[in-house]
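All remarks here apply to the structure that follows.
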Amino acid sequence: MSLFWRIFLLNAVVLIIATALLLGPVTVSTPVLLTEAAVLTGGLGVMLTANGLLLRIGLVPLQRLTRAMTTIDLLRPGQRPAVGGRGEVAELITTFNAMLDRLEAERATSAARALSAQESERHRIAQELHDEVGQSLTAVLLELNRAAGHAPPDLREDLHQVQETTRSSLDEIRRIARRLRPGVLEELGLTSALKALTNEFTGATLVVHHRIAADLPPLGAETELVIYRVAQESLTNAARHAAAHRAELALIRGPEGVELRVHDDGRGLGDAAEGAGIRGMRERALLIGAALDLGSAPGGGTDVHLTVPVPHRSQ
1 MSLFWRIFLL NAVVLIIATA LLLGPVTVST PVLLTEAAVL TGGLGVMLTA NGLLLRIGLV
61 PLQRLTRAMT TIDLLRPGQR PAVGGRGEVA ELITTFNAML DRLEAERATS AARALSAQES
121 ERHRIAQELH DEVGQSLTAV LLELNRAAGH APPDLREDLH QVQETTRSSL DEIRRIARRL
181 RPGVLEELGL TSALKALTNE FTGATLVVHH RIAADLPPLG AETELVIYRV AQESLTNAAR
241 HAAAHRAELA LIRGPEGVEL RVHDDGRGLG DAAEGAGIRG MRERALLIGA ALDLGSAPGG
301 GTDVHLTVPV PHRSQ
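As structure tokens, this is what we get:
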């Protein structure tokens, strides 16, 4: 029975009983006697109390729905308010859960398209950096080398300095191109790509250790790309924002699938809002049905945990 009909019938029952009493043994005098006023006040109190209890019990599921509506995050799927109550209240919660299912499916589809376009654009930019800018700087280096061979001694040192600057710029462009398009991932696989990634981030201020299991199950190209991008973003945050000195990357086979863990000893997440990088990691995890957890590690730092489900193959 809907909330409307329950309230209506409750009030109807109370009014019918009151009318029957007034037509029967109960009378009201003019002026109203004290006992009659007590009866009327008591009846009114009973009616208000019954209405209040009915509304309180009937609106509890709506209060739970309100809390769910203010806390649900589409980047953390699976959160659903329990269907409670009766009538239109239960129907409202059911409709809200169906809307969440549709929104999560639509967001996953749009995120897949956006990330696919992003990877294509990264591939194009990396190709142009390598082919256009890289070749131009290489030609500049050759011309500088030829000019230095014919230059007088007082200019030769300056030309060598320009050569070193140009060579450093060329190395930086190649490093940026590798980050935009991990060619080693396509050519040598995930294990080699992650090892190269840890070596790339290891420098004077940050030391990255890796631990990659040898018994990893076969993973699809999209799954490997998501794991690589999450690891890349985690190490980027550790190097640029967390002021970390040590980091550890582990890729192991766990009870629920393949697990990627990236831990650093930096300043941690704190109370800062999640930026575009972390949101991008969550969206990538949703694409392959993976679970992503970020939190403060014991003793300080940040712990990134990505769990990728792997289907069990029948023997």
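When we follow full-length UniProt numbering, the leftmost residue of the sequence shown carries the number 1, and every step to the right adds one. C-beta atoms are modelled at their ideal positions from N, C-alpha and C, and glycine is treated no differently. Owing to the predicted nature of the structure, the values given are computational and were not obtained by experimental measurement.
Q: Tell me, to the nearest whole angstrom, how far the beta carbon of Leu-142 is from that of Gln-163; I am working on the premise that it is less than 8 Å.
A: Reading the sequence shown from its first residue, position 142 is the one you call residue 142. Reading the sequence shown from its first residue, position 163 is the one you call residue 163. So it is not a contact: roughly 10 Å between Cβ atoms.
Q | Neighbour-count burial assignment, Ile-17, 16 or more Cβ in a 10 Å radius | A | Within the sequence shown, the letter at position 17 stands for residue 17. Per the 10 Å Cβ criterion, exposed.
**Q.** Best match in Ser-234, Arg-253, Thr-71 for proximity to Met-281 [C-alpha to C-alpha]
**A.** Taking the first residue of the sequence shown as position 1, residue 281 is located at position 281. Minimum Cα distance to Met-281 is reached at Ser-234.
Q. Expressed to the nearest angstrom, what Euclidean distance is found between the alpha-carbon atoms of Ala-289 and Arg-279?
A. Against the sequence shown, residue 289 aligns to sequence position 289. Against the sequence shown, residue 279 aligns to sequence position 279. The sequence as given places Gly at residue 289; Ala does not occur at that position. Rounded to whole angstroms, Gly-289 and Arg-279 show a C-alpha spacing of 15 Å.
Q | Proximity below 9 Å, CB of Ala-238 to CB of Val-262 | A | Here residue 238 refers to the residue found at position 238 when the sequence shown is read from its first residue. Here residue 262 refers to the residue found at position 262 when the sequence shown is read from its first residue. Yes, they are a contact pair.
**Q.** Among Thr-94, Arg-246, Pro-81, Leu-48, nearest to His-210 - alpha-carbon criterion
**A.** Mapped onto the sequence shown, residue 210 falls at position 210. The residue with the shortest Cα to Cα distance from His-210 is Arg-246.
Q) With which residues is Gly-254 paired in a DSSP beta bridge? A) Stepping through the sequence shown from its first residue, residue 254 is reached at position 254. Bridge partners of Gly-254: Gly-257.
Q.
In the DSSP output, which residue or residues are listed as bridge partners for Val-207?
A. Taking the sequence shown and counting its residues from 1, the one referred to as residue 207 is at position 207. DSSP output for Val-207 lists Arg-246 as bridge partner(s).
Q. Can you give the Cα-Cα distance for Val-308 and Leu-216, rounded to whole angstroms?
A. Here the question's residue 308 lines up with position 308 in the sequence shown. Here the question's residue 216 lines up with position 216 in the sequence shown. Near 12 Å, if we compare the C-alpha coordinates of Leu-216 and Val-308.
Q. Taking buried to mean at least 16 other C-beta atoms within 10 Å of its own C-beta, is Leu-65 buried or exposed?
A. Stepping through the sequence shown from its first residue, residue 65 is reached at position 65. Buried, since its Cβ has 16 or more Cβ neighbours within 10 Å.
**Q.** Boundaries (first-last residue) of the beta strand (DSSP E) holding Val-83
**A.** Here residue 83 refers to the residue found at position 83 when the sequence shown is read from its first residue. Judged by DSSP secondary structure, Val-83 falls outside any beta strand (DSSP E); it is assigned neither H nor E.
**Q.** Bridge-paired residues (DSSP) for Ala-291
**A.** Position 291 of the sequence shown, counting from 1, holds the residue named residue 291. Its beta-bridge partners are Thr-307.
Q | Whole-number beta carbon distance between Leu-306 and Glu-259, since they are thought to touch under 8 Å | A | Indexing the sequence shown from 1 puts residue 259 at position 259. Indexing the sequence shown from 1 puts residue 306 at position 306. Beta-carbon to beta-carbon, Glu-259 and Leu-306 are separated by about 7 Å, close enough to satisfy the 8 Å threshold.
**Q.** Residue from Val-304, Leu-197, Leu-286 with nearest C-alpha to Ala-114
**A.** By one-based count along the sequence shown, residue 114 stands at place 114. For the residues Val-304, Leu-197, Leu-286, the minimum Cα distance to Ala-114 belongs to Leu-286.
Q: Determine the contact status of Val-14 and Val-46, defining contact as a CB-CB distance below 9 Å.
A: Along the sequence shown, read from residue 1 onward, the residue named residue 14 stands at position 14. Along the sequence shown, read from residue 1 onward, the residue named residue 46 stands at position 46. Yes.
Q. Applying the criterion that 16 or more other CB atoms from any shown protein chain within 10 Å of the CB defines a buried residue, is Val-60 buried or exposed?
A. Locating residue 60 in the sequence shown gives position 60, where the first residue counts as 1. The residue is exposed, with fewer than 16 neighbouring Cβ atoms inside 10 Å.
Q: In angstroms with no decimal places, state the Cα-to-Cα distance between Ala-90 and Ala-112.
A: Sequence index remark: in the sequence shown, residue 90 carries index 90 (1-based). Sequence index remark: in the sequence shown, residue 112 carries index 112 (1-based). Approximately 33 Å, taken between the alpha carbons.
Q: Please go through the same chain and pick out, in chain order, the residues whose beta-carbon is closer than 7 Å to the beta-carbon of Arg-146, but skip the five residues on each side of it.
A: In the sequence shown, the residue the question calls residue 146 occupies position 146. Excluding positions up to five away in sequence, the list is empty.
Q.
Quick check on this structure: which residue in His-241, Leu-197, Leu-219, Leu-206 has the alpha carbon closest to the alpha carbon of Gln-232?
A. Here the question's residue 232 lines up with position 232 in the sequence shown. Nearest C-alpha to Gln-232: Leu-197.
Q: Would you check if the segment 221-229 and the segment 181-198 touch, i.e. whether three or more CB-CB distances between them fall below 8 Å?
A: The segment 181-198 is in contact with the segment 221-229.
Q. Going by alpha carbons, who is nearest to Ile-7 out of Arg-56, Gly-42, Leu-34?
A. Along the sequence shown, one-based indexing puts residue 7 at 7. Here the closest residue by C-alpha is Arg-56.
Q) Which residue or residues does DSSP assign as beta-bridge partners of Ile-212? A) The count along the sequence shown starts at 1 and reaches residue 212 at position 212. Paired residues: Leu-251.
Q) When the Cα atoms are used, what is the spatial distance from Ala-291 to Ile-252? A) As a working note, residue 291 is residue 291 in the sequence shown. As a working note, residue 252 is residue 252 in the sequence shown. Those two C-alpha atoms are separated by around 15 Å.
Q | Collapsed DSSP secondary structure at Thr-302 in the structure displayed | A | Here residue 302 refers to the residue found at position 302 when the sequence shown is read from its first residue. The three-state reading of DSSP puts Thr-302 in strand, counting E and B together.
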